[in-house]
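Notes for the one structure printed next.
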Amino acid sequence: RSRPTSPCSARASSNLVLARPLGCDTFVAYPPASPPNTVIFGKNSDRPCGEGQSIRRYPSASYGGNDENAKLKCTYITIPQAKQTNAVLLSQIDWMYGAEMGANEHGVVIGNEAVWTRVPIDDNERALLGMDLVRLGLERGRTSREALDVITSLLEDYGQGGPCAENDPSFTYHNSYLICDIDEGWILETAGRHWVAKRINCGSHNISNGLTIRKSFDLCSSNLKRYAIEHKLWTGKGELDFAECFSDGMLDCNVKGSRLVCGAAIMKKKSGDECRGGGGSLDAEAMMEILRDHDGGICMHGGFETTAAMVSELKRDGDEGGRGRNSERVVAQHWMTGRPHPCKSPFLLQRFT
Numbered sequence: 120r121s122r123p124t125s126p127c128s129a130r131a132s133s134n135l136v137l138a139r140p141l142g143c144d145t146f147v148a149y150p151p152a153s154p155p156n157t158v159i160f161g162k163n164s165d166r167p168c169g170e171g172q173s174i175r176r177y178p179s180a181s182y183g184g185n186d187e188n189a190k191l192k193c194t195y196i197t198i199p200q201a202k203q204t205n206a207v208l209l210s211q212i213d214w215m216y217g218a219e220m221g222a223n224e225h226g227v228v229i230g231n232e233a234v235w236t237r238v239p240i241d242d243n244e245r246a247l248l249g250m251d252l253v254r255l256g257l258e259r260g261r262t263s264r265e266a267l268d269v270i271t272s273l274l275e276d277y278g279q280g281g282p283c284a285e286n287d288p289s290f291t292y293h294n295s296y297l298i299c300d301i302d303e304g305w306i307l308e309t310a311g312r313h314w315v316a317k318r319i320n321c322g323s324h325n326i327s328n329g330l331t332i333r334k335s336f337d338l339c340s341s342n343l344k345r346y347a348i349e350h351k352l353w354t355g356k357g358e359l360d361f362a363e364c365f366s367d368g369m370l371d372c373n374v375k376g377s378r379l380v381c382g383a384a385i386m387k388k389k390s391g392d393e394c395r396g397g398g399g400s401l402d403a404e405a406m407m408e409i410l411r412d413h414d415g416g417i418c419m420h421g422g423f424e425t426t427a428a429m430v431s432e433l434k435r436d437g438d439e440g441g442r443g444r445n446s447e448r449v450v451a452q453h454w455m456t457g458r459p460h461p462c463k464s465p466f467l468l469q470r471f472t
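Per my numbering, residue 120 is the first one in the sequence shown, and the count goes up by one each step.
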């Protein structure tokens, strides 16, 4: 399997050949980067040129009684259905069960990214796709933490694997996720069935196509350290550096001009530089402008292109002071393009009904 190269880096050399298509960026801004009591989420879905992606809604459902042993057919495998599912809004890739981005009726939003790691991928294995896990997290989690637990539990039970492009069986990868609600977000990074998660609840954050979590994480899979030692990825001495041990290639967070670094700089600029006591200006319109950006490689064109984009605003209605969970009603608004190239496609306001 070939490895991707950043469009930002590609501009530095006209002779650079893209060995693997690389795309997708997911962003979130919590106060003080975003307006008070407001969370702004955004994602570009970068996929093979011409691949269809549609805006779809699925209602909440119960599977009790005669449906108690109901099964769910995902893209490649079948798993037990949950007893209750949430209503979800998805920008869904037409040929698969899952989606790269979406929201649920409780104000949880999720986006995923392709990452390449040192955990081997079996091209013949069929398991859950990262996009399947996005949808499953939204359907089964009422909060970002619940969605995180859903995704990691299913990852450990069923693994991740299978072709991630309809007509290219060699296009396989692992996944990272940005999982957010009004109170907190989680950056989840995976390598096979192993994972780490870092909690966030203030400022601006973004993920791209590389591992970024180093030694500071809040949660991890139970056998992560044992696997790292047994496979000679870590000596067992000192703190485990997840990105250093598991990343297959250079860490994007250290590369000047990478899309990760470019995206972070754009967010900082749009937020009004919260590090200097300003900030609060990264609203939904500013997030749409970020997703339209070409200089940082965020809006992609070519053989691998931005096939759809999404922006969400989560706002605590009437809460002037506290950030306590359920202190006030949360109002969520979502905009999706449902078509390629946010630089020229309108973001359309979506509703669940």
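Every residue gets a Cβ at the ideal spot worked out from N, C-alpha and C, and that includes glycine.
- The alpha-carbon separation between Thr271 and Gln469 amounts to approximately 29 Å.
- Annotated three-state conformation of Asp165 is strand, per DSSP.
- Leu343 places its beta carbon 8 Å or farther from that of Thr236.
- Per DSSP, the beta-bridge partners of Ala428 are Asn163.
- Scanning Gln172, Ser400 and Cys143 for the CA closest to the CA of Trp214 turns up Gln172.
- Of Phe471, Val238, Leu379 and Asp302, the smallest CA-CA separation from Phe365 is found for Val238.
- Positions of the beta strand (DSSP E) runs, each at least 3 residues long and wholly inside the segment 184–227, are given as 190–192, 197–199, 207–212 and 218–223 in order along the chain.
- CA-to-CA, the gap between Phe471 and Thr354 works out to about 50 Å.
- In the three-state scheme derived from DSSP, where H, G and I count as helix and E and B as strand, Arg254 is classed as helix.
- In this structure, the CA atom of Ala383 is about 13 Å from the CA atom of Asp414.
- If one requires a minimum length of 4 residues, the alpha helix (DSSP H) runs lying completely within the segment 258–308 are 263–277, in chain order.
- Pairing Glu447 with Glu303, the inter-Cα distance amounts to about 15 Å.
- Within the DSSP secondary-structure output, Tyr177 pairs in a beta bridge with Val207.
- Of the candidates Thr157, Leu208, Phe361 and Met220, Phe361 places its Cα closest to the Cα of Arg345.
- Selection Gly142, Pro151, Arg254 and Asn163 evaluated against Ser431 yields Asn163 as nearest (Cα-Cα).
- According to the DSSP assignment, Leu467 belongs to the beta strand (DSSP E) that extends over Leu467 to Gln469.
- Here the segment 457–468 lies against the segment 398–414, with 3 or more beta-carbon pairs under 8 Å apart.
- Straight-line spacing of the CA atoms in Cys299 and Lys317 works out to 12 Å.
- From the listed residues Ala180, Tyr195 and Tyr216, the smallest Cα separation to Val253 is found for Tyr216.
- The closest CA to that of Ala148, considering only Tyr177, Ala403 and Ser181, is found on Ala403.
- Taking the Cα positions, Gln200 is about 42 Å away from Val374.
- Scanning Asn325, Glu349, Glu308 and Leu248 for the CA closest to the CA of Asp337 turns up Glu308.
- When C-alpha distances from Pro151 are compared across Arg411, Met386 and Ile198, the shortest belongs to Met386.
- Contact annotation: Glu232 and Asn205 have beta-carbon atoms that are not nearer than 8 Å.
- No Cβ-Cβ contact shorter than 8 Å links Asn325 with Leu267.
- Contact between Val227 and Leu257 holds: their C-beta atoms lie close to 6 Å from each other, under 8 Å.
- A Cβ-Cβ distance of about 20 Å is found for the pair Phe423 and Asp242, leaving them out of contact under the 8 Å criterion.
- Under DSSP, the beta-bridge partners assigned to Gly322 are Tyr149.
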